[in-house]
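Below is one structure, written out as structure tokens, with a few remarks after it.
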Amino acid sequence: MIACCLFDLDGVLVDTARFHYRAWADLAHDLGFEFTPEQGEATKGVSRMASLDIVLRAGGMENRFSQEEKERLAAEKNDRYLSYVSTMTPDDVLPGVRDFLADLKRHGVKIALGSASKNAGTILDRCALRDVFDAIVDGTLVSRAKPDPEVFLKGAELLNAVSEKCVVFEDAAAGIEAAARAGMRSVGVGGDRSLARATTGITTFENFTYEALCKAID
Ligand code: BG6
Ligand code: MG
């Protein structure tokens, strides 16, 4: 029996992973180097400041900036990211997501958000998704980034669910690792090779159901 499903946001429910990448690639370009989509994979699921370190390392600039300058670079990236987010509408929720969430609800499964993003609330509001969640845990509420399990353990705790009855949906290797450390099963979303350690995988939520989930994680 599944008591609770915990969803990552960026790249799982909405396609904001490409906005994060674009904003980091823009910043790298301004700093004089190219940040490739392959390098961008490593920033998925990772906090904003840890992502900045990954970007700077890719450009050989890891020791070039003071903490204050790094805060400024991260703020610049976030402004760019938010300008992309400001174009989002409820139509940007990924295909099949709303139907799957409704199916979970019909089966009495609680739904939680487990996101590293401090912008999660803005995105949920723009996409009219906030009301779907029984609990929301985002980057404003956790202090330890994935692969630390804090974000998922907090979500489960808010819903009084034990880890064995929780399933995590993630598009990032760091998130799959966080689920494993929380003692939860996981569904890798999107089909990237780095998700091979998930309990099971889907490429899209289209036509995915509670029944199919139960079979896949059994
Ligand atoms: C995660 C994204 O959901 O949130 C990461 O996968 C991002 O790429 C992290 O760095 C933090 O997001 P934000 O919106 O707080 O900068
Ligand atoms: Mg993600």
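For the sequence shown, the positions run 63 to 280 when the working numbering is used.
Each residue gets a CB set at the ideal place from its N, CA and C atoms; glycine is no exception.
Note that this is a predicted model, so its numbers are computed, not measured.
With 16 as the cutoff for other CB atoms within 10 Å, does histidine 91 come out buried or exposed? exposed
Label valine 224 either buried or exposed according to how many other C-beta atoms from any shown protein chain fall within 10 Å of its C-beta, with 16 as the threshold for buried. exposed
Using 8 Å for Cβ pairs, my map puts phenylalanine 231 next to valine 74. What's the rounded Cβ distance? 5 Å
Would you say the beta carbon of glutamate 232 is closer than 8 Å to some non-hydrogen atom of ligand 2? yes
Since arginine 84 is in the alpha helix (DSSP H), which residue starts that stretch and which ends it? 79 to 93
So does glycine 122 have its beta carbon nearer than 8 Å to some heavy atom of ligand 1? no
On the DSSP bridge assignment, give the partners of valine 251 in chain order. Ile264
Among Val249, Lys216, Glu212, the one whose alpha carbon lies nearest that of arginine 259: Val249
Between the Cα of tyrosine 143 and those of Lys180, Cys276, Asp115, spot the shortest distance and give me the residue it belongs to. Lys180
I need the straight-line Cα distance from glycine 252 to valine 117, nearest angstrom please. 23 Å
Output the boundary residues of the beta strand (DSSP E) element that contains alanine 162. Checking the sequence shown, residue 162 turns out to be phenylalanine, not alanine. Run containing phenylalanine 162: none in the beta strand (DSSP E); it sits in the alpha helix (DSSP H), 159 to 168.
Tell me whether alanine 234 sits in a helix, a strand or coil according to DSSP, three-state version. coil
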